[in-house]
Amino acid sequence: MRNMNIKIYRSTNHEIHYLMSYIGGCMEVMSFIYLYKALIGFMTSNMVFGITSLVKFNFDFESVYHILIIVIWVLISAIHQVIEYKYISKIKSQWHVYAISLTLNCFLMITFILLGNYMIVNNLFLSHPTINVMPLVTIGLVFMYIQNFIIKNGGTKFPTSTSVVTSVYILMITKLCQSLLINKSKEKTNLKFESLHYFLVILHFFIGAFITAILNKYIGFYALVVPLVILIAFCVKIWSLHISQSS
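See below:
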């Protein structure tokens, strides 16, 4: 276990990338299953679904559902910019923002689980999206926005995102090929490590999505209890780092 800790989770910054990728995979697969194929952290897919729905010219809620998701995401982004502008000066340590963000996501995930389970029990998930699903969608969108913010600012200086796994695939292959073509030993090692980093991001995302999809068959939204426990434990760790650094 100690060797694994050294090779994979080399620092708390690496833990941020990998654990957030795992949790992101869990949330994305649940959103795909229950939120009518909406990926709550990946707006490109929602735009494609939205456009294909709009060209049917039905102009019902189903046709604007995915576009509405994008609108909410943009609003969340705008609110984030206002909050950051007003409160960034109050940050007391490099871990403070992470601690606050992780705490918010703990509460958001708990709410997402409870509300999702309530909707299952009361048969509120129909064969097509309705306005009833929007509170759950909005909670998921806020969660994934914070999730992406955490992982993008994870501190390893590698461009990484929880949801946009496509870019991570490209980065992984690019760095691997560069490591094979270059002759300088030190630079070759650095490139191999960076390629491994992107592979681990993808692997954690895949494991999270895979395990959650299996558990969902038996316990529905309670499949997210596993990533919730991980999130809470990691949140406690980050608060501890913040307190020790700011004291």
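Residues 508 to 754 in this note's numbering are what the sequence shown lists, from first letter to last.
Note that CB positions come from ideal geometry on N, CA and C, so glycine has one too.
Source: prediction; values computed, not measured.
Distance CB(residue i)-CB(residue j) smaller than 7 Å
{"i": "Ile658", "j": "Met527", "result": "yes"}
{"i": "Met616", "j": "Leu735", "result": "yes"}
{"i": "Lys693", "j": "Ser686", "result": "no"}
{"i": "Lys593", "j": "Ser753", "result": "no"}
{"i": "Ile745", "j": "Leu609", "result": "yes"}
{"i": "Thr667", "j": "Val708", "result": "yes"}
{"i": "Gly647", "j": "Phe619", "result": "yes"}
{"i": "Met550", "j": "Ile577", "result": "yes"}
{"i": "Tyr516", "j": "Glu522", "result": "yes"}
{"i": "Asn612", "j": "Phe564", "result": "no"}
Straight-line gap, residue i to residue j (C-alpha atoms, nearest Å)
{"i": "Lys682", "j": "Phe706", "result": "11 Å"}
{"i": "Tyr676", "j": "Leu703", "result": "11 Å"}
{"i": "Leu748", "j": "Trp602", "result": "7 Å"}
{"i": "Met554", "j": "Leu561", "result": "10 Å"}
{"i": "Tyr625", "j": "Phe728", "result": "9 Å"}
{"i": "His711", "j": "Val672", "result": "11 Å"}
{"i": "Cys742", "j": "Ala716", "result": "21 Å"}
{"i": "Gln654", "j": "Ala720", "result": "20 Å"}
{"i": "His573", "j": "Lys691", "result": "48 Å"}
{"i": "Ile579", "j": "Ala545", "result": "13 Å"}
{"i": "Tyr543", "j": "Tyr525", "result": "27 Å"}
{"i": "His635", "j": "Ser751", "result": "50 Å"}
{"i": "Ile595", "j": "Tyr725", "result": "43 Å"}
{"i": "Ile718", "j": "Ile739", "result": "19 Å"}
{"i": "Leu698", "j": "Lys664", "result": "13 Å"}
{"i": "Glu569", "j": "Leu575", "result": "10 Å"}
{"i": "Ile638", "j": "Leu631", "result": "10 Å"}
{"i": "Glu701", "j": "Phe566", "result": "47 Å"}
Residue i - DSSP class collapsed to helix/strand/coil
{"i": "Tyr676", "result": "helix"}
{"i": "His704", "result": "helix"}
{"i": "Val649", "result": "helix"}
{"i": "Leu466", "result": "Since the first residue shown for the chain is 508 and the last is 754, residue 466 is missing from the structure and cannot be characterised."}
{"i": "Gln752", "result": "helix"}
{"i": "Thr637", "result": "coil"}
{"i": "Gln601", "result": "coil"}
{"i": "Leu687", "result": "helix"}
{"i": "Lys724", "result": "helix"}
{"i": "Asn660", "result": "coil"}
{"i": "Val755", "result": "This structure leaves residue 755 out entirely; the chain is present only between 508 and 754."}
{"i": "Ile709", "result": "helix"}
{"i": "Leu631", "result": "coil"}
{"i": "Tyr516", "result": "coil"}
{"i": "Thr681", "result": "helix"}
Whole-angstrom C-beta distance between residue j and residue i, which should lie under 8 Å
{"i": "Val644", "j": "Ile583", "result": "So it is not a contact: roughly 12 Å between Cβ atoms."}
{"i": "Ile642", "j": "Leu621", "result": "What sits at residue 642 in the sequence shown is Pro, not Ile. That pair is no contact at about 12 Å."}
beta-carbon residue i near the ligand HEM non-hydrogen atom, thresh 6 Å
{"i": "Asn697", "result": "Summarising the ligand content, the structure contains no ligands, and the ligand HEM is consequently not present."}
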